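Terminal number for the sequence shown in my numbering: 784, no gaps in between.
In this text, a Cβ means the ideal position worked out from N, Cα and C, and glycines have one as well.
A quick note: this is a predicted structure, and the numbers were derived from the prediction, not measured.
Below is one structure; the comments refer to it alone.
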Amino acid sequence: MKRNQAQWILLVMFLATVLMLFSCGDKVIRSKADLNYVNGELEKLAPVELNADLSGLKPSDFQVLTRLLEAAKIMDELFMLQVSRDNPAIRAELQQSEDPEDAPYLEMFNIMFGPWNRLVEDHPFINKKEKPDGAGFYPEDMTKEEFLKFIEENPDKKEAFTNTFTVIKRAKTGELTAVPYHEEYADLVDEASCLLNEAAELTKDPTLAKYLKLRARDLLTDDYYESDMAWMDLAGDFEVVIGPYEVYEDQIFSYKAAYEAFICIVDHEESEKLAMVAKYLNELEGALPIPDEYKNLNRGSSSPVKVVQEIFSAGDTKAGIQTTAFNLPNDERVREAKGSKKVMLKNVAQAKYEKCWIPIVNTILAPEPLAHVSFDAYFNHVLMHEVSHGLGPGIITKEDGSKTTVSLELKELYPMIEECKADVLGQYTYIYLMDKGAFPMNKGSAFASYLGGMYRSIRFGIDEAHGGGVAIQFNYFMEKGAFYQDENGKLNLDDTKLIAAIKSLAEELLLIEAHGDYDRGKKLIEQYRVMTPIMADYVAQLSHLPVDIRPSFPIAN
228 MKRNQAQWIL LVMFLATVLM LFSCGDKVIR SKADLNYVNG ELEKLAPVEL NADLSGLKPS
288 DFQVLTRLLE AAKIMDELFM LQVSRDNPAI RAELQQSEDP EDAPYLEMFN IMFGPWNRLV
348 EDHPFINKKE KPDGAGFYPE DMTKEEFLKF IEENPDKKEA FTNTFTVIKR AKTGELTAVP
408 YHEEYADLVD EASCLLNEAA ELTKDPTLAK YLKLRARDLL TDDYYESDMA WMDLAGDFEV
468 VIGPYEVYED QIFSYKAAYE AFICIVDHEE SEKLAMVAKY LNELEGALPI PDEYKNLNRG
528 SSSPVKVVQE IFSAGDTKAG IQTTAFNLPN DERVREAKGS KKVMLKNVAQ AKYEKCWIPI
588 VNTILAPEPL AHVSFDAYFN HVLMHEVSHG LGPGIITKED GSKTTVSLEL KELYPMIEEC
648 KADVLGQYTY IYLMDKGAFP MNKGSAFASY LGGMYRSIRF GIDEAHGGGV AIQFNYFMEK
708 GAFYQDENGK LNLDDTKLIA AIKSLAEELL LIEAHGDYDR GKKLIEQYRV MTPIMADYVA
768 QLSHLPVDIR PSFPIAN
């Protein structure tokens with residue numbers, strides 16, 4: 228296929244949508260939220276240009292970059308379809324509109340990848356239809372009970388139905404069926420594969436060439452094991468991730484992965500500074516506050532740490548709130564063999580810190596902790612959060628001796644429990660490495676920055692995995708007296724009580740995962756993921772501040 232075929236495919240999709248709109252004689256958009264509401268929500272996202280230093284790249288590197296960016300933009304289209312099959316038609320109608328007041332709706336739609344506001348628990352701002360819990364991964368009329376009953380009656384189909392890379396559809400007979408991603412989205416997936424093959428032929432970096440060739444092949448089969456293994460070994464100037472990974476969009480079971488992409492340039496100097504963390508991975512696993520029988524001491528330990536500048540992001544990772552760092556791959560087979568890679572998006576982190584984080588801590592923290600906050604402590608906790616995703620139970624053994632994974636056992640609870648675990652262990656391991664001399668000894672800065680950053684996540688909404696996980700931590704630590712309000716209503720902390728509370732909550736979360744204990748996890752969430760009056764008051768105090776950033780990508784454009 229020709230290199231520009233993706234553009235033709237997208238054009239055909241657009242024209243088909245336009246014809247559909249005119250042929251049916253009915254508008255897709257029947258109602259829109261108040262314009263002031265939409266503009267107000269857009270103001271919560273501070274505009275930021277994300278730039279990166281490309282001065283060290285060779286001419287051939289720019290040819291590679293062009294193909295990578297084209298492939299990444301296809302991930303945008305794939306994710307748009309995964310969110311909702313109605314999305315292309317709604318977008319087309321907004322793009323055709325000659326009403327200048329529709330421009331904010333289109334901008335909001337593009338940011339949120341659909342007509343639902345991800346900043347306010349998926350509140351619809353176009354039409355009144357509630358977002359299906361299963362997004363576009365399942366039939367909208369399918370219930371959780373129907374799915375479970377089907378696989379109970381058809382155990383031979385369980386693997387396909389729970390597979391991370393299948394869409395569940397309803398056949399004409401009414402029966403459910405599983406369709407692999409590479410069949411469901413064949414045209415777009417084929418073109419992305421071609422672009423990656425072209426980039427592989429152009430690059431002079433053998434590690435990137437290997438990854439891109441394998442990923443191009445794996446997009447056509449939905450078995451990403453070999454390309455994930457190759458991704459762990461990237462050693463050049465580009466850090467590239469492209470394909471389906473995170474399962475947050477699937478709010479029914481957290482089974483289905485969403486397409487995304489990161490196109491980044493590596494900051495080798497900063498990466499070297501943080502590479503020392505990887506040397507401690509086995510020691511960190513051994514130091515977890517749970518019995519040794521639950522520790523994963525045989526997990527792969529290559530686990531590189533990369534600091535990068537983001538050039539472009541696409542799909543799931545760009546929808547609504549922007550990713551500061553990521554820890555991949557999620558395939559437990561790769562983690563068992565090689566560990567996982569932690570990638571820190573430093574230009575994104577810096578933008579969030581300046582535009583969102585500093586205004587928050589200036590508003591809610593007492594003078595003493597406020598004096599100790601720092602970007603380094605914030606950035607190091609983000610790093611240790613990502614490291615902690617790779618610690619603790621992964622593949623677990625059930626009572627009957629069969630093997631399973633934590634995510635399969637905890638189902639829809641898993642994203643929130645896992646994000647909470649990574650946050651708590653992020654502080655636990657950060658303290659541990661300070662005691663070892665791996666990080667400068669400054670627990671006051673670490674604790675103050677940890678507390679100060681919590682409300683950046685809580686403002687996303689406590690039904691969201693990250694925000695809910697932070698709500699659990701905040702309420703747990705308030706209950707233990709580790710966090711408290713001073714006489715002026717500002718937040719302060721007790722170092723000694725916080726250290727004990729972090730260890731206690733870490734143990735609880737790790738044991739929930741070690742046992743795959745759904746009921747215990749649900750009880751923890753129900754008890755502590757609560758919008759208390761104190762939390763609601765702080766959220767209200769922050770209502771005038773940006774919630775997150777709204778990035779533009781000058782290089783990609």
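Close Cβ partners of residue i (< 8 Å) along its chain, the five nearest in sequence each way excluded
| i | result |
| --- | --- |
| R777 | L269, L272, A273, P274, V275 and I338 |
| L796 | Because the chain spans 228 through 784 in this model, residue 796 falls outside it and cannot be assessed. |
| L799 | Here the chain covers residues 228 to 784 and nothing more, so residue 799 does not appear. |
| S324 | L333 |
| A665 | M503, V504 and Y507 |
| P642 | V474, Y475, S481 and A692 |
| K384 | F377, I378 and A405 |
| N574 | L277, N278, A279, Q536 and E537 |
Residue-chain proximity (residue i, chain B), Cβ-Cβ < 7 Å
| i | result |
| --- | --- |
| H612 | Any reference to chain B falls outside this structure, which holds one protein chain only. |
Same chain, Cβ closer than 7 Å to residue i, neighbours up to 5 away in sequence not counted
| i | result |
| --- | --- |
| H409 | V416, L446, L447, T448 and D449 |
| T759 | N702 |
| V406 | T393, V394 and K396 |
| N784 | none |
| L321 | D329, Y332, L333 and F336 |
| E646 | A692, H693 and G696 |
| N804 | Since the displayed the chain opens at 228 and closes at 784, residue 804 lies outside it and no answer follows. |
| L262 | E328 and P331 |
| I689 | G695, A698, R756 and M758 |
| G513 | K522 and L524 |
| G363 | L308, Q309, V310, S311 and R312 |
Sheet register partners of residue i (DSSP bridge)
| i | result |
| --- | --- |
| C491 | E466 and E537 |
| L592 | L718 |
| I776 | A273 |
| V570 | K533 and F553 |
| G617 | The partner list for G617 (beta bridge, DSSP) is empty, contrary to what the question assumes. |
| P471 | Y486 |
| G785 | Residue 785 is absent from the structure shown; the chain starts at 228 and stops at 784. |
Close-in-space but distant-in-sequence residues of the same chain around residue i (CB under 6 Å, 5 per side omitted)
| i | result |
| --- | --- |
| L635 | none |
| A183 | There is no way to answer for residue 183, as the model of the chain reaches only from 228 to 784. |
| A675 | P596, H599 and V600 |
| L422 | R294, E297 and A298 |
| E367 | P359 |
Alpha carbon of residue i to alpha carbon of residue j, nearest angstrom
| i | j | result |
| --- | --- | --- |
| N266 | P331 | 7 Å |
| T214 | N344 | This structure cannot settle anything about residue 214, because the visible part of the chain is limited to 228 through 784. |
| H350 | A546 | 14 Å |
| A499 | E613 | Correcting the residue identity first, residue 499 is Glu in this sequence and not Ala. Cα-Cα distance, rounded: 17 Å. |
| I761 | S601 | 25 Å |
| F377 | G671 | 53 Å |
| T590 | Y682 | 11 Å |
| A727 | Y475 | 31 Å |
| K628 | A316 | The sequence as given places Gly at residue 628; Lys does not occur at that position. Each residue's Cα considered, the two are about 49 Å apart. |
| K437 | V255 | 44 Å |
| G708 | T723 | 10 Å |
| T404 | A398 | 7 Å |
| D509 | T430 | Per the sequence shown, the amino acid found at residue 509 is Asn instead of Asp. Looking at the two C-alpha atoms, the distance is approximately 35 Å. |
| Y452 | R560 | 8 Å |
| P667 | D460 | 29 Å |
| M486 | N715 | First, the amino acid is wrong: residue 486 is Tyr here, not Met. Each residue's Cα considered, the two are about 46 Å apart. |
| V535 | Q768 | 34 Å |
| P433 | T389 | 35 Å |
| L308 | N314 | 7 Å |
| I585 | V774 | 12 Å |
| F352 | R257 | 11 Å |
| N669 | H608 | 13 Å |
### Query
Considering only residues of the region 250 to 315, which uninterrupted alpha helix (DSSP H) runs meet the minimum length of 4 residues and lie entirely inside it, listed in chain order?
262 to 270 and 286 to 310
### Touch test, the region 452 to 459 against the region 435 to 442, Cβ-Cβ under 8 Å, three pairs minimum
yes
### Task
Say whether the region 624 to 633 touches the region 685 to 698, bearing in mind that this needs 3 or more beta-carbon pairs closer than 8 Å, one atom from each stretch.
no
### Query
Using 8 Å as the Cβ pair cut-off and three pairs as the minimum, do the region 457 to 477 and the region 489 to 497 touch?
yes
### Message
When you compare the region 584 to 600 with the region 276 to 296, are there three or more beta-carbon pairs, one atom per stretch, that lie closer than 8 Å?
### Response
no
### Task
Counting only runs of 4+ residues fully inside the region 693 to 750, write out the alpha helix (DSSP H) ranges in chain order.
722 to 742
### Query
Can you list, in chain order, the stretches of the alpha helix (DSSP H) that have 4 or more residues and sit fully within the region 387 to 457?
408 to 411, 413 to 429 and 433 to 445
#### Entry: Runs of beta strand (DSSP E) lying entirely within the region 620 to 693, each at least 3 residues, in chain order
622 to 624 and 630 to 632
#### Entry: Secondary structure, alpha helix (DSSP H): runs of 4+ residues fully inside the region 306 to 391
314 to 323, 330 to 339, 371 to 380 and 385 to 389
### Query
Three or more C-beta pairs closer than 8 Å, one from the region 301 to 317 and one from the region 527 to 543: is that the case here?
yes
### Query
Is the region 725 to 733 touching the region 642 to 655 in the sense that three or more CB pairs, one from each, lie closer than 8 Å?
yes
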